[in-house]
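Reading through the structure tokens given below for one structure.
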DNA sequence: CCATTAATGTCGATG
DNA sequence: CATCGACGTTAATGG
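Residue numbers (my numbering), protein chains in the order written: chain A, 1 to 245; chain B, 1001 to 1245.
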């Protein structure tokens, strides 16, 4: 609905709530937020997006993130005041509230979405592990991979195997420059095998590694093996895509 | 526009791009993403939000975050194919692309937002101000706070007061290391009192301050008072925030 | 521009 | 419900 008056706006927004629809409001508005932080946003044109799970987001004309928002599970309400339409979004634990004062309403739309599909993500790490699995020499001569995605109490180990001396190897793959967090992660995996009397090799496989991370890695007697992420392969290798699509 | 056909949809979207408007599309669509990772989203009803800075977001009916997105600075295009309308959003460094195939279009809106206001966050600083308000000696012996959140043409002054000599003090609080921007901000506030014949003390209160900022601050005859931010209090003691509403 | 760190992070999994 | 860890984290800040 275009340029509704206050009553029309109230009715259609309430209707949207009742029908558990996605509500989209284009409006000049000002906003107050109070909760984990506290903020004020003076009047300007924004997009307000309300979802049936309670999600509430206010978008300015720039930037990816909403300027103000509420997480799923919030109680949203519309009310008609002397000043016009007021939207409130409340959450408990932690106690948070957004108040949006609609100073001028340009457009209100609601739609009941039918959407049963979930996003399917395939990271690049998987492709790197694929490669190492199929051509172990890429990692090092004599490497024999044995397990993928081995579950430990500290997470999934990307790839395990043994070297030419039958020493256990634990490999953590990163598609981008590995940082300190990768080292910590690998250390946690290696720690799972501490009780073994035998030494375990911890290895980060990534296109690059930060200086700090490399120092820390070496001080922990662990290793870094450079390997390019096959970013470009994906578009070229249609066959692998087929298995995915 | 409601339920546009392919040509109408193409035209209105192109128009939105040309006018650098915010474009909102309600549509059944399927999405492919390829970049740092790779993903596929099969057909379903979603909201597509495109901003003039290149921001591109696809929202499902649930959750706060978009299911697929592109950051500001992306090149967005609309094209008409045999299959219908195709939206593409490209970014370089890192190379990323989203393709959205509009299978059925319910609604297209674009609007040229007028929005000059920035969000003012006053969360953590408030707790520091609370503390200084209740225990002025923390700032300095003889300090008497008089006003909080005093509004000037240049924004809100966190805290004002007088010292033992009745000299006006303007305090700017930062919850983290103060930088040059904090100094500039404080200077703007102090400038509001330039016409006073009396000297005004400008003071930054923060856990720390950068070297550059401290130099600049002292050259402006302003001061720095170290104070730890009560970050931990915030999550525990939400009740103190009640005073705001 | 790179590296580091905070965020009203969000979100999913798990105990 | 709370905690923990990953994320195409993003976004801001200092160097």
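For glycine and all other residues, C-beta sits at the position ideal for the given N, C-alpha and C. Small disclaimer: the values here were computed from a predicted structure and weren't measured.
Can you tell me whether residue 128/A is helix, strand or coil according to DSSP? Your numbering for residue 128/A matches position 128 in the first chain. Residue 128/A falls in the helix class under three-state DSSP.
Residues sharing a beta bridge with residue 1175/B, DSSP: Position 175 of the second chain, counted from the start, is the residue given in the question as residue 1175/B. Answer by DSSP bridge pairing: none, since residue 1175/B is not bridged.
Measuring straight from C-alpha to C-alpha, what distance separates residue 116/A and residue 19/A? Along the first chain, one-based indexing puts residue 116/A at 116. Along the first chain, one-based indexing puts residue 19/A at 19. C-alpha separation (whole angstroms): 18 Å.
Determine the extent of the beta strand (DSSP E) in which residue 1182/B is found, giving its start and end residues. As a working note, residue 1182/B is residue 182 in the second chain. Careful: residue 1182/B lies outside any beta strand (DSSP E), inside the alpha helix (DSSP H) at 1180–1191.
Judging by CA-CA distance, which residue of 1184/B, 1031/B, 1229/B is the nearest neighbour of residue 1098/B? To locate residue 1098/B, count along the second chain from 1; it is residue 98. With distances taken between Cα atoms, residue 1098/B lies closest to 1031/B.
Can you find a C-beta in chain A that's less than 8 Å from the C-beta of residue 1072/B? To locate residue 1072/B, count along the second chain from 1; it is residue 72. It does; some Cβ of chain A falls within 8 Å.
Under a Cβ-count criterion, where at least 16 other Cβ atoms within 10 Å of its own Cβ denotes burial, should residue 245/A be classed as buried or exposed? Taking the first residue of the first chain as position 1, residue 245/A is located at position 245. Since pLDDT at residue 245/A reaches only 31, below the 50 mark, its modelled position is unreliable, and the value read off the structure follows with that caveat. Looking at its Cβ environment, which holds fewer than 16 other Cβ atoms inside 10 Å, residue 245/A is exposed.
Does the Cβ-Cβ distance between residue 1205/B and residue 1128/B come in under 8 Å? Taking the first residue of the second chain as 1, we reach residue 1205/B at position 205. Taking the first residue of the second chain as 1, we reach residue 1128/B at position 128. Result yes, Cβ atoms of residue 1205/B and residue 1128/B sit closer than 8 Å.
What do you reckon, are the CB atoms on residue 1147/B and residue 1169/B nearer than 8 Å? Taking the second chain and counting its residues from 1, one reaches residue 1147/B at position 147. Taking the second chain and counting its residues from 1, one reaches residue 1169/B at position 169. Result no, Cβ atoms of residue 1147/B and residue 1169/B do not sit closer than 8 Å.
Reduced DSSP secondary structure (H/G/I, E/B, other) of residue 946/B: Outside the shown range of chain B, which is 1001 to 1245, sits residue 946/B, and nothing can be said about it.
By the criterion of Cβ-Cβ separation under 7 Å, what are the contact partners of residue 1176/B in chain A? Along the second chain, one-based indexing puts residue 1176/B at 176. Neighbours of residue 1176/B on chain A: none; closest Cβ ~13 Å, over 7 Å.
Which value, in whole angstroms, describes the spacing of the CA atoms of residue 1027/B and residue 179/A? The count along the second chain starts at 1 and reaches residue 1027/B at position 27. The count along the first chain starts at 1 and reaches residue 179/A at position 179. So the alpha carbons of these two residues sit roughly 40 Å apart.
Give a yes or no on contact between the segment 1036–1050 of chain B and the segment 103–122 of chain A, applying the rule of three or more CB pairs nearer than 8 Å. yes
Tell me, to the nearest whole angstrom, how far the beta carbon of residue 1107/B is from that of residue 1089/B; I am working on the premise that it is less than 8 Å. Counted from its first residue, the second chain places residue 1107/B at position 107. Counted from its first residue, the second chain places residue 1089/B at position 89. Not confirmed; about 20 Å, so no contact.
Should residue 1209/B and residue 1223/B be called a contact, given that it needs their Cβ atoms to be closer than 8 Å? Mapped onto the second chain, residue 1209/B falls at position 209. Mapped onto the second chain, residue 1223/B falls at position 223. Not in contact: residue 1209/B and residue 1223/B (Cβ atoms no closer than 8 Å).
Report the three-state DSSP secondary structure of residue 155/A (helix, strand or coil). Position 155 of the first chain, counted from the start, is the residue given in the question as residue 155/A. It is a strand residue.
Just checking my contact of residue 1079/B with residue 1006/B at CB under 8 Å: how many whole Å lie between their CB atoms? Indexing the second chain from 1 puts residue 1079/B at position 79. Indexing the second chain from 1 puts residue 1006/B at position 6. Actually they are not in contact, since the Cβ atoms of residue 1079/B and residue 1006/B sit about 11 Å apart, beyond 8 Å.
Span of the alpha helix (DSSP H), counted from its first residue to its last, around residue 212/A: For the purposes of this step, residue 212/A is taken as the residue at position 212 of the first chain. It spans 211–219 - the alpha helix (DSSP H) in which residue 212/A sits, taken as one unbroken run.
So, using beta-carbon positions, are residue 173/A and residue 186/A closer together than 8 Å? Working through the first chain from its first residue, we reach residue 173/A at position 173. Working through the first chain from its first residue, we reach residue 186/A at position 186. Result no, Cβ atoms of residue 173/A and residue 186/A do not sit closer than 8 Å.
Looking at the unbroken alpha helix (DSSP H) that takes in residue 1037/B, where does it start and where does it end? In the second chain, counting from the first residue as 1, residue 1037/B sits at position 37. Looking at the DSSP string, residue 1037/B is not in any alpha helix (DSSP H), and its letter there is neither H nor E.
Should residue 1211/B go down as buried or exposed, given a rule of 16 or more other Cβ atoms within 10 Å for buried? Numbered from 1 along the second chain, position 211 holds the residue referred to as residue 1211/B. Counting Cβ neighbours within 10 Å, residue 1211/B comes out exposed, since fewer than 16 surround it.
If residue 1119/B sits next to residue 67/A, beta carbons under 8 Å apart, how far is it from one beta carbon to the other, in whole angstroms? As a working note, residue 1119/B is residue 119 in the second chain. As a working note, residue 67/A is residue 67 in the first chain. Rounded, the Cβ-Cβ distance is 5 Å, consistent with contact.
Status (buried if at least 16 other CB within 10 Å, exposed otherwise) for residue 237/A: Stepping through the first chain from its first residue, residue 237/A is reached at position 237. With a pLDDT of 34 at residue 237/A, under the threshold of 50, the predicted position of this residue should be treated as unreliable, though the coordinate-derived value follows. Exposed: under 16 other Cβ atoms inside 10 Å.
On the CB-based measure, 16 or more other CB atoms within 10 Å of its CB, does residue 1/A come out buried or exposed? As a first step, residue 1/A must be located in the first chain, where it is residue number 1. Classification of residue 1/A: exposed, given that the 10 Å Cβ count is below 16.
Using beta carbons (cut-off 8 Å, strictly below), is residue 221/A in contact with chain B? Numbered from 1 along the first chain, position 221 holds the residue referred to as residue 221/A. Answer no: the Cβ-Cβ gap between residue 221/A and chain B never drops below 8 Å.
Which residues in chain A have a C-beta closer than 8 Å to the C-beta of residue 1129/B? List them in chain order. For the purposes of this step, residue 1129/B is identified with residue 129 of the second chain, where counting begins at 1. Within chain A, no residue comes near residue 1129/B; the closest Cβ sits about 11 Å away, beyond 8 Å.
Under 7 Å Cβ-Cβ, which residues of chain B neighbour residue 51/A? For the purposes of this step, residue 51/A is taken as the residue at position 51 of the first chain. Result: 1061, 1062.
Chain B partners of residue 44/A, CB-CB under 8 Å? Residue 44/A sits at position 44 when you count from the first residue of the first chain. 1113, 1114, 1115, 1116, 1117, listed in chain order.
Please tell me whether residue 1073/B and residue 1091/B are closer than 8 Å, where the distance is taken between their beta carbons. Counted from its first residue, the second chain places residue 1073/B at position 73. Counted from its first residue, the second chain places residue 1091/B at position 91. Against a cut-off of 8 Å, the Cβ pair of residue 1091/B and residue 1073/B comes out as a contact.
Can you check which of these residues, 156/A, 43/A, 125/A, 162/A, is closest to residue 330/A by C-alpha distance? Shown here, chain A extends from 1 to 245; a query on residue 330/A therefore has no answer.
Of the choices 1166/B, 1041/B, 1017/B, whose alpha-carbon is the least far from that of residue 1054/B? Along the second chain, read from residue 1 onward, the residue named residue 1054/B stands at position 54. Among 1166/B, 1041/B, 1017/B, the Cα nearest to that of residue 1054/B is on 1017/B.
For a contact meaning CB atoms closer than 8 Å, what does residue 1067/B contact in chain A? For this step, residue 1067/B is matched to residue 67 along the second chain. Neighbours of residue 1067/B on chain A, chain order: 119.
Which term fits residue 213/A, buried or exposed, when burial requires 16 or more other beta carbons within 10 angstroms of its beta carbon? To locate residue 213/A, count along the first chain from 1; it is residue 213. So residue 213/A counts as buried.
Helix, strand or coil at residue 1014/B according to DSSP, with G and I counted as helix: Position 14 of the second chain holds residue 1014/B. Helix, per DSSP.
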